[in-house]
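The sequence shown begins at 7 in the numbering used here and counts up by one.
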Amino acid sequence: MVTHPPRTEPAPPTDADCAAIGEQLGRMPRGLRAVAHRCPCGLPDVVETAPRLEDGTPFPTLYYLTCPRAASAIGTLEAEGVMKEMTARLAEDPQLAAAYRAAHEDYIRRRDAIEVLENFPSAGGMPERVKCLHVLVGHALAAGPGINPLGDEAIRMLPEWWRKGRCVDVCGEAPEALEALEALEALEALETPETCETSQEEQS
């Protein structure tokens, strides 16, 4: 189970970021505004896009997942029926439904802070169903834990996509992302003794 990667502050993309994003997607995303989240490996894994593209076309997806490893793993979850199961739980669990609606409102609020899109939904199926886990995970990574419950849940189902190193080969380091990785490893080090102790108690 994945430990939720630490939230990182959004920042304008550097030349190295743009090169990485281009390699990750095979193209540059339209309306790129910022790196919304950095993977612990140092590269962008979520970007923030403009609500309206250069040609005036509305683009309601604020957060766009770029890491191909994470995207592939999320695609596997979708193929396994996770979205259908989550949507069913929304109809059965009022508390989860309320938290998911709050996530929808957070998404709209963040997008409206850039530009208001009248009569456009949020994204990913929010607030009534789950239509795209990539969107929910992108929101959860950008906003941090505790904002999008189903995005957080999907992250916990994923393998640690950053552990094999960077997904693309580009020049340039990201010190703030390396600090995030160190913080994540420190958190895991604190959790490990407790987990081992619990296992020993269960075996005794």
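Where is the CB? At the ideal position from N, CA and C, for every residue including glycine. Values in this document were obtained by computation on a predicted structure and should not be read as measured data.
Between the CA atoms of residue j and residue i - distance to the nearest angstrom
i	j	result
A160	E121	28 angstroms
T14	L49	12 angstroms
V88	A22	35 angstroms
R115	D99	24 angstroms
G150	D61	31 angstroms
A103	G28	36 angstroms
R95	R162	17 angstroms
Terminal residues of the alpha helix (DSSP H) in which residue i lies
i	result
H10	Element bounds for H10: n/a, residue is neither H nor E.
A103	100 to 118
R162	155 to 163
T82	74 to 85
L38	Premise fails: L38 lies in the beta strand (DSSP E), 38 to 44, not in any alpha helix (DSSP H).
Distance between beta carbons of residue j and residue i, contact taken as under 8 angstroms
i	j	result
A42	Y69	5 angstroms
L156	L142	5 angstroms
L123	V52	Contact doesn't hold; Cβ gap of about 20 angstroms is too wide.
E54	P16	6 angstroms
A79	L71	Not quite, the Cβ-Cβ distance comes to about 11 angstroms (not below 8 angstroms), so this is no contact.
Reference residue i, options the options, closest by Cα
i	options	result
C24	L71, L38, E98	L38
Y113	P66, T72, C173, T93	P66
R33	G144, H145, P74	P74
Extent of the continuous beta strand (DSSP E) to which residue i belongs
i	result
L142	Note, L142: premise wrong, no beta strand (DSSP E); alpha helix (DSSP H) at 139 to 149.
Subject >> Segment contact flag, the region 166 to 174 with the region 129 to 138, C-beta cutoff 8 angstroms, min 3 pairs >> reply: no
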